[in-house]
Amino acid sequence: MTRILYLQNSLFGADGASSRLSRAFIDGYRDAHPDTEVVTRDLITDGVPHLDLERAGALRGFSDGLNQAQQAVLARSDAFVQELRDADLVVIGMPMYNFGAPTQFKAWIDHIARAGVTFKYTDTGPVGLLEDKPVRVFAAHGGVHAGQPYETTTVFVKQIFGFMGIRDVRFIYAEGLNMGDEVKHQALARAEAEIAAELEALTPTTA
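Have a look at this one:
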C-alpha cells in the first residue's frame, strides 16, 4: 500500500487550479493503485500558525520546562513530521502569491524543519534525516514566471526539502492562467500531459 501526503495550499480550496491539478494526479495514481491511502492537509483551513518567540522556543524540542501551550505546539509539530515520514509520496498544490509560496506553507515548513529531528548539524555541515521520496508539486501561476529569478517558490521548495534529505522534487507548472482562455487551455493541456507522464514514471517505483 502506498501512502500519499497531500498538502493543499489554495485560498480557493478544492476549486483552486493547483488543487484541481493535484487531485487529478492523485486520482490517476489511485486508479492504478486502488489500495493507496491519502492523508490530506489543507494548510489554509487547518490554520497552521506562524512562528512567534514562544512557538519557536517550543520547536527547539526540549520538552522539559515547556508550558502547556508550548507542549501542544511541539505535539502538533511532531504529528506533521510523522505524517511526512510515513508518506511514500508527497503531493503539493502550490499557487503563487506575490511571487512566492503561500505563507501557510512556509508556516508548515517552520514546524517540520527542526534540528535533530529532520536534519542535523555535523562537523562537515548539515545532514538531512528524512528518507528520500518523490515530492510532486503542482504549481499554478496567473502569469508566466517559471525560471525567472523573482519566482522564489521553486528554489525554496527544492532547497528546504533537500536540506532535510528529500531530493526527488519535481514541479509541474500551469502558467498563464489569467492571460486569456486560449493560453489557459493550452497551459492546462500541457500540465495534464505532464501529469500523465509523471504517473507512468512513478508506477514502477512506488507500486
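Take 1 as the starting number for the sequence shown in UniProt numbering and just add one per residue. Virtual Cβ for every residue (Gly too), placed ideally from N, Cα, C.
Looking at the C-beta of residue i, does it have a partner C-beta in chain B at a distance below 8 angstroms?
{"i": "residue 144", "result": "Of the chains in the structure shown, none is chain B; there is only one protein chain."}
Report the rounded CA-to-CA distance for residue i versus residue j, giving the unit in angstroms.
{"i": "residue 127", "j": "residue 172", "result": "27 angstroms"}
{"i": "residue 186", "j": "residue 149", "result": "24 angstroms"}
{"i": "residue 95", "j": "residue 102", "result": "7 angstroms"}
{"i": "residue 162", "j": "residue 109", "result": "13 angstroms"}
{"i": "residue 16", "j": "residue 137", "result": "14 angstroms"}
{"i": "residue 117", "j": "residue 29", "result": "30 angstroms"}
{"i": "residue 120", "j": "residue 129", "result": "7 angstroms"}
{"i": "residue 35", "j": "residue 86", "result": "16 angstroms"}
{"i": "residue 189", "j": "residue 46", "result": "31 angstroms"}
{"i": "residue 159", "j": "residue 99", "result": "17 angstroms"}
{"i": "residue 191", "j": "residue 67", "result": "47 angstroms"}
Nearest to residue i by CA position, among the options, is which residue?
{"i": "residue 198", "options": "116, 91, 186 and 158", "result": "91"}
{"i": "residue 73", "options": "33, 114 and 96", "result": "114"}
{"i": "residue 25", "options": "4, 123, 116 and 175", "result": "4"}
{"i": "residue 83", "options": "53, 131 and 65", "result": "131"}
{"i": "residue 105", "options": "49, 135 and 68", "result": "49"}
{"i": "residue 133", "options": "23, 170 and 98", "result": "170"}
What is the DSSP secondary structure of residue i, counted as helix, strand or coil?
{"i": "residue 166", "result": "coil"}
{"i": "residue 8", "result": "strand"}
{"i": "residue 133", "result": "coil"}
{"i": "residue 1", "result": "coil"}
{"i": "residue 91", "result": "strand"}
{"i": "residue 206", "result": "Caution applies to residue 206, whose pLDDT of 45 falls short of 50 and renders its modelled position unreliable; the model cannot decide the point."}
{"i": "residue 127", "result": "strand"}
{"i": "residue 146", "result": "coil"}
{"i": "residue 161", "result": "helix"}
{"i": "residue 138", "result": "strand"}
{"i": "residue 116", "result": "coil"}
Taking 7 angstroms as the limit between beta carbons, can you name the residues of its chain near residue i, skipping five residues before and five after?
{"i": "residue 40", "result": "6 and 8"}
{"i": "residue 179", "result": "143"}
{"i": "residue 203", "result": "32"}
{"i": "residue 70", "result": "54, 57 and 58"}
{"i": "residue 207", "result": "The predicted model places residue 207 with a pLDDT of 44, which falls under 50 and marks its position as unreliable; any figure quoted below should be read in that light. Once the five neighbours on either side are set aside, the close Cβ partners of residue 207 are 33."}
Identify the continuous beta strand (DSSP E) that holds residue i and give its terminal residues.
{"i": "residue 212", "result": "In the structure as shown, the chain begins at 1 and stops at 207. Residue 212 is therefore absent and cannot be evaluated."}
{"i": "residue 212", "result": "Beyond the ends of the chain as shown, which are 1 and 207, falls residue 212; an answer cannot be given."}
{"i": "residue 121", "result": "119–122"}
Go to residue i, then tell me how far its alpha helix (DSSP H) extends in each direction, as first and last residue.
{"i": "residue 73", "result": "68–86"}
{"i": "residue 42", "result": "It is not in any alpha helix (DSSP H) - residue 42 instead sits in the beta strand (DSSP E) that spans 37–42."}
{"i": "residue 28", "result": "17–32"}
Skipping 5 residues on each side, what residues in its chain have a beta carbon closer than 6 angstroms to that of residue i?
{"i": "residue 145", "result": "151"}
{"i": "residue 141", "result": "96 and 175"}
Who are the near neighbours of residue i in its chain, counting only those whose CB is closer than 8 angstroms to its CB and skipping five residues on each side?
{"i": "residue 20", "result": "14"}
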